[in-house]
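Asker: In my numbering, the protein residues as written are 3 to 128.
For each residue, glycine too, the CB sits at the ideal point set by N, CA and C.
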């Protein structure tokens with residue numbers, strides 16, 4: 003029996019940060035959407051294409067792959083940014099399942115998590 007591979011992912015609308023834990027250590031990866039990719043459909047297509055490669059390579063190396071992805075949270079940027087982040091979140095989940103990731107879990111942020119605008123309490127994040 004081999005050890006599973008665990009991916010932790012913190013998505014945003016333009017930058018995705020991953021930590022990949024596997025037997026023998028860990029890797030980090032950052033996927034940046036190029037600044038010249040401006041319209042929403044192109045950004046989501048870029049994420050789709052890149053995550054197909056990333057998840058495809060990881061699944062090819064491991065029998066069990068588990069993805070933990072942070073849920074979209076409304077922060078200081080407001081609802082528009084949250085909707086954009088949720089769209090990226092959905093594309094990433096769909097690609098993960100299409101590539102054969104064993105399970106996808108959404109993790110919420112901790113209440114009272116320090117944010118750039120100060121302390122966000124659960125009512126402020128909802």
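(1) For residue 32, count the other beta carbons within 10 Å of its own beta carbon; 16 or more makes it buried, fewer makes it exposed. Which is it?
(2) What is the rounded straight-line gap between the Cα of residue 98 and the Cα of residue 69?
(3) Have a look at 103, 50, 10, 102 and flag the residue whose alpha-carbon is nearest the alpha-carbon of residue 20.
(4) Assuming residue 105 is part of the beta strand (DSSP E), what are its boundary residues?
(5) Suppose contacts are defined by Cβ-Cβ distances below 8 Å. Is residue 49 in contact with residue 35 by that definition?
Answerer: Result, derived from the coordinates:
(1) exposed
(2) 8 Å
(3) 10
(4) 105–109
(5) yes
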